[in-house]
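Written out below as structure tokens is the structure these notes cover.
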Amino acid sequence: MNFFLNKLSIRKNSLGKITLILFSVLFFKNSISQNQTYSLIVVHYDPASKGDFKQLVFSYRFLNGHFQGREELLSFYGRVKEKDYIRTDIGHNTLYRNRYLITGIGNIIDLKEKKVLFDQKATLVRCSNDSAIYYTNDAFKGKYYSVYNFTTKQYSEVKALLFKAKAGVDIEFDKSSSPYKLNFYPTDKAKVMLMADAGYGQPISGESKKPDPPVFWIDNNSFVYCQFNQANTEISFVKMSIENKSSLLLGKAIVKPQTGDAYFVKINKWQAQFTFGDKKFLVDAEKSLVNEMLFTAPDNGFAAECKDNPYGHIVKLKEKEIGKYHFQLNTLKCDQDIAALVKELRVGAESYQQGLCVWNNSTNAWENVDAEEVVALIGWIK
């Protein structure tokens, strides 16, 4: 009898130890998962150097959604000898590999080494493995692809004649007169005019030159482009076929003049999201539809109301409203369980920054963080 009691006691002790080990492992895993560390990359403007447009890059550190402090990584000038140099306020910045900041005009900043790697201007096509691939279409330099290699830290033009990094063929908007003309340049042949009236382009406040109208390619033969009216109050989305030079109106959008460039983000072969200020449109070339979007596409579960209302924009997390704020949609940066935006105070037609507002998933609430003169929110680094 004592033998069986001793054996049962040993078994209970063993089960107790196993249970304790399993509990410890689960507790350790939960404590690790709860301790989420993020850095938000924020670019500030130095008001003491207005002519040079000095920008300061900071890393704001967060633990489980709570602000822990910030560190200045580096600074650089936006203008040198009255010409653009490094600009994080133009176009759309890209954060690659949790390390490289690629500006909207193509500059590359290494956030780990805290230095500028590439200070020239070029249009980023895409990042692939250890390279950033660019396309240049310049009246003086010509048209060519180029590559910056992050490993060798070398930049060079692509010499291979058959190299092609983006869909489509060689088209160009002739902006020498208004309205623009849209031309196609076949290989070793004379140019072909696809459209005699391609609209008037988008005027940008403070800029002397208008950017090319946004385009998204469906395949190598067909694409969709934006045709702006002269008053910059209406955009027509036109689908073009190069093969037979035919055009089809997909739809129109009523807009107001904006200070930032309009752009497409391709969703799939037939669809793209078009952004113009705080307005976003879903353009479907297959169904010939253009619909204004009420909310931005979900990003890690976060979405924001597109329309700027008297109360600002509604912010949602997994379809549930979590706040209403005045902010520019391009400042909303999201990652898993965390989001940030630059809050604004509206006084009539004027707006004034009120620092950062960061969603804390551990408390299910927003946390205010002091931040002065924000030029751009770049994104989150784990």
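Under the numbering used here, the letters of the sequence shown match residues 5 to 386, in that order.
Built from N, CA and C at the ideal position, the CB exists for glycine as well.
Neighbourhood of residue i by C-beta distance below 6 Å, restricted to the same chain and skipping five residues each side
i	result
Asp41	Note that residue 41 is Thr in the sequence shown, not Asp. Here the set comprises Leu67.
Lys195	Asn187, Tyr189
Tyr148	Thr140, Glu161
Leu252	Lys243
Ile326	Val319
Ile208	none
Gly281	Gln262
Under 8 Å between C-beta atoms of residue i and residue j
i	j	result
Phe299	Glu309	yes
Phe122	Tyr159	yes
Val362	Ala380	no
Gly110	Ala126	yes
Lys328	Gly316	yes
Leu321	Phe306	yes
Ile45	Ile382	yes
Lys270	Ala276	yes
Arg395	Tyr64	Because the chain spans 5 through 386 in this model, residue 395 falls outside it and cannot be assessed.
Leu60	Glu76	yes
Trp384	Asp339	yes
Lys185	Gly205	no
Gln231	Pro217	yes
Phe331	Glu348	yes
Lys311	Asn102	no
Glu296	Ala257	yes
Gly274	Ile222	As written in the sequence, residue 274 is Trp, which differs from the Gly given in the question. Against a cut-off of 8 Å, the Cβ pair of Ile222 and Trp274 comes out as a contact.
Alpha-carbon to alpha-carbon, residue j and residue i
i	j	result
Asp56	Ile94	15 Å
Lys157	Ser135	9 Å
Lys163	Thr279	34 Å
Gly359	Ala200	47 Å
Val378	Ile246	43 Å
Val228	Val242	5 Å
Ser53	Asn368	39 Å
Leu105	Asn97	7 Å
Asn272	Asn236	28 Å
Lys33	Thr155	In this prediction, Lys33 has a pLDDT of 45, which is less than 50 and means its spatial position is unreliable; nothing more can be read from the coordinates.
Leu336	Asn248	42 Å
Ser150	Arg350	43 Å
Neighbourhood of residue i by C-beta, 7 Å cutoff - its chain only, sequence neighbours within 5 removed
i	result
Asp192	none
Residues of its chain near residue i, where Cβ-Cβ distance is below 8 Å and the 5 sequence neighbours each way are ignored
i	result
Gly69	Gln40, Asp341, Ile342, Val362, Trp363, Asn364, Asn365, Ser366, Thr367, Glu371
Heavy atom of the ligand MG within 7 Å of residue i beta-carbon
i	result
Ser79	You won't find the ligand MG in this model; it holds no ligand whatsoever.
> Of all the beta strand (DSSP E) runs that stay within the bounds of the stretch 224-278, which reach a length of 3 or more residues?
Replying inline: Counting whole runs of 3 or more residues, the stretch 224-278 contains the beta strand (DSSP E) stretches 226-232, 238-245, 250-258, 267-270.
>> Threshold first: 3 residues or longer. Then list the beta strand (DSSP E) segments lying entirely within the stretch 316-381, N to C.
In response: Runs of the beta strand (DSSP E) inside the stretch 316-381: 317-321, 324-329, 337-339, 342-351, 354-364, 369-373.
> In chain order, which beta strand (DSSP E) runs of at least 3 residues are fully inside the stretch 46-74?
Replying inline: Here the runs fully enclosed are 58-67.
>> If we require 3 or more residues per run, which beta strand (DSSP E) segments fall completely within the stretch 112-147?
In response: The DSSP assignment places 112-114, 119-122, 127-132, 135-142 as complete runs of the beta strand (DSSP E) inside the stretch 112-147, in order along the chain (cut-off: 3 residues).
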